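Colleague: Quick one: this structure, given as structure tokens, is what I'll be asking you about.
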Amino acid sequence: MKPEKPTIMDMSEFKPSARCPNCNLIMYLGNRCPHCDYLLSHTEQKTQREFWLKVRNAVYIKGVVFFAFFFFIAWVLFAQS
């Protein structure tokens with residue numbers, strides 16, 4: 008059985024989970040492993056949710072820093088006319 012892959016960007020329910028504790032394969036959509044039908048416990052679900060929030064926030068921070076730096080460099084280059 009092939010695991011379903013996420014198709015919609017930036018939705019937490021479509022983020023891949025870590026690895027299934029039973030079969031060690033990547034889990035995608037939902038809280039049930041498509042390979043061995045293992046269901047994540049509430050604690051494991053909460054841990055996965057917190058992990059993906061941290062990953063998403065880190066990417067947002069990197070984007071803000073990049074664009075702030077980019078606009079500063081563009082302002083310095085084009086303001087010297």
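Residue numbering for the sequence shown follows our numbering, beginning at 8 and increasing consecutively. In this text, a Cβ means the ideal position worked out from N, Cα and C, and glycines have one as well. Remember, it's a predicted structure, so these values are computed and weren't measured experimentally.
(1) Output the distance between the C-alpha atoms of tryptophan 59 and leucine 46, rounded to the nearest integer angstrom.
(2) From the DSSP secondary-structure annotation, give me the bridge partner or partners of leucine 84.
(3) Are proline 28 and glutamate 57 close, meaning C-beta to C-beta below 9 Å?
(4) Provide the residue(s) that pair with arginine 1 in DSSP beta bridges, ordered along the chain.
Modeller: So, from the listed chains and residues:
(1) Each residue's alpha carbon lies about 19 Å from the other.
(2) Leucine 84 is not bridged to any residue.
(3) No, the Cβ-Cβ distance between proline 28 and glutamate 57 is not below 9 Å.
(4) The structure shown has nothing for residue 1, since the chain only spans 8 to 88.
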